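Heads up, the thing below is written out as structure tokens.
Protein chains in written order, with the UniProt record's numbering: chain G, 1 to 124; chain C, 1 to 411.
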């Protein structure tokens, strides 16, 4: 269950990979929707941390078109609900996350992304 | 890197009394080892086990104590020298062990530790945070109770499966040195009983930096907070009693006197403890801080059962140890631990922060003293440095050292 909120926080961490290392691109995805308790206060609090363009692109790549291109200045409740759905209810159960910069592939299995690298790939 | 399994490990330092019956937990040597059991808490056993004096006339022949079937001698922690190849040795002596014992281990580590729960409840609701070295995700339910979002990071896929399936956690498989989080995304971070599985000071500091880097930097409250727990070298030597004031207070309420200037040598660290217990550790012999600590894994009898041992969950968990012990094939694994001496944890955090460009402020929890220090900095020449870190408290509890800190921005 890699949710999009988590995906929105994860970048490639391969040594010296600093360009286009975020966001990671999903592929061969098995997507599951699981209703989550709606907590719009949390969503609102998280807004300043969001990378909006990354979220919109990623959601669209998964077939969800509900988010506007531009991040709203004023949020309506419906918009927040749509955002809640995208961030908290879309779960990628299986698939890959690929770095657009260096091409490293982080596999997702049973909903758990494997971000481990070999020792020599790790930057410090 | 070692992840959280560790977490689990220590999961219930406090609870151990009840856990102590667990066959799996090996009592470490009181002096050297991190016992997961209660630290030599009481010298009482003698008095309680002695047959009481016979007052009646009846000639009661005091039953001779049944010759306790000598439990097989328990494996003891083994000192270990510096590793030539830390990453590989940790792989072998930490990661592979946790994968192998995940299920068994998790059974003994399901109680959240009250001290950590208190910390979580002190945070503003709707915060989002990271549990680095989360093991079986023991703190996920606590975080939900505190109305927090928390992501469980661990290196062990076996433990993460449990975190996910039993504790409903959002999990990421990575090691403690994971640097893939975007900066500023988390409001808090915890690392409970994990960093002590890293085998060099550099790797441990790297883990601290990796824990702090993704925290949000704000120039006004609320600031991002973190908490770290590690096994203490001082086990049994510091009795709970002596540490009473520490153990009874919540992290937030045990500020270090602001007079204790940060960055001093380890001796100055936990002032509180020093005054509480004077000369708690009179070192005579050489300190052995790096150990391989045994874990006895009792496999269920091989008979029926599709479960593979590596996936853990010995199904006979209901059987008493004594019963299983005979039949079960016990295997001993060793996990690497670095035991922290007094002051070392704080020193590690401060050094990590300084290496990462933080101004380290005087310890404390008050907003006024914080504001004053920040003003001084703004007025001073350190203006190129913008990030600050403050230790809010540090102490010893139930065989562990803990530290709570916060970070923010100047101006």
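Built from N, CA and C at the ideal position, the CB exists for glycine as well. Just so we're clear, the structure is a prediction, and the values are computed from it rather than from any experiment.
- DSSP, reduced to helix, strand and coil, places residue 87(G) within a helical segment of the structure shown.
- Following the DSSP letters along the chain, one finds residue 86(C) inside the alpha helix (DSSP H) bounded by residues 86-90.
- In summary, the residues of the region 107-119 of chain G whose CB is separated from some CB of chain C by less than 9 angstroms are 109, 110, 111, 112, 113, 114, 115, 116, 117 and 119, in the order they occur in the chain.
- By the C-beta density criterion, residue 16(G) is exposed, having fewer than 16 other C-beta atoms within 10 angstroms.
- For a Cβ distance threshold of 9 angstroms, residue set 9, 10, 11 and 13 of chain G lies close to residue 181(C), ordered along the chain.
- Contacts with chain G at 7 angstroms (Cβ-Cβ) include residue 170(C).
- Taking a beta-carbon distance threshold of 7 angstroms, residue 93(C) does not count as an interface residue toward chain G.
- Taking C-beta atoms under 8 angstroms as the contact rule, residue 151(C) and residue 131(C) qualify, at a distance of about 7 angstroms.
- Residue 160(C) belongs to the set of residues whose beta carbon lies under 7 angstroms from a beta carbon in chain G.
- Looking at the DSSP output, residue 94(C) sits in no beta bridge, so it has no partner there.
- Judged by DSSP in its simplified three-state form, residue 298(C) adopts strand.
- Comparing alpha-carbon positions, the option among 102(G), 121(G), 122(G) and 4(G) lying closest to residue 60(G) turns out to be 4(G).
- Beyond the five residues adjoining it in sequence on each side, residue 378(C) comes within less than 8 angstroms, by CB distance, of 410 and 411 in the same chain, given in chain order.
- Given a length threshold of 3 residues, each whole run of the beta strand (DSSP E) inside the region 174-237 of chain C is given here in chain order: 188-192 and 224-231.
- Just measuring C-alpha positions, the residue of 195(C), 208(C) and 183(C) sitting nearest residue 216(C) is 183(C).
- Within chain G, not a single residue places a beta-carbon under 8 angstroms from that of residue 192(C); the smallest gap is close to 20 angstroms.
- Rounded to whole angstroms, the separation of the alpha carbons of residue 91(G) and residue 28(G) is 13 angstroms.
- Shortest Cα-Cα distance from residue 207(C) to any of 113(C), 168(C), 117(C) and 189(C) involves 189(C).
- Inclusion of residue 19(G) and residue 123(G) in the CB contact set at 7 angstroms is not warranted, their separation being larger than that value.
- Three or more pairs of CB atoms, one per stretch, sit closer than 8 angstroms, so the region 23-40 of chain G contacts the region 75-91 of chain G.
- For the pair residue 193(C) and residue 396(C), the CB atoms are not nearer than the 7 angstroms cut-off.
- At a cut-off of 7 angstroms between beta-carbon atoms, residue 208(C) makes no contact with chain G.
- Taking every protein chain shown into account, the CB of residue 225(C) has 16 or more other CB atoms within 10 angstroms, so this residue is buried.
- For residue 107(G), the beta-bridge partners assigned by DSSP are 96(G).
- Burial is judged here by how many other beta carbons sit within 10 angstroms of a residue's own beta carbon; residue 290(C) has at least 16 and is buried.
- In this structure the region 136-150 of chain C touches the region 164-175 of chain C; the number of beta carbon pairs closer than 8 angstroms is three or more.
- In this structure, the CA atom of residue 342(C) is about 13 angstroms from the CA atom of residue 349(C).
- By the Cβ rule, the region 388-395 of chain C counts as touching the region 345-365 of chain C, because three or more pairs are nearer than 8 angstroms.
- Under the three-state reduction of DSSP output, residue 379(C) falls in the helix class.
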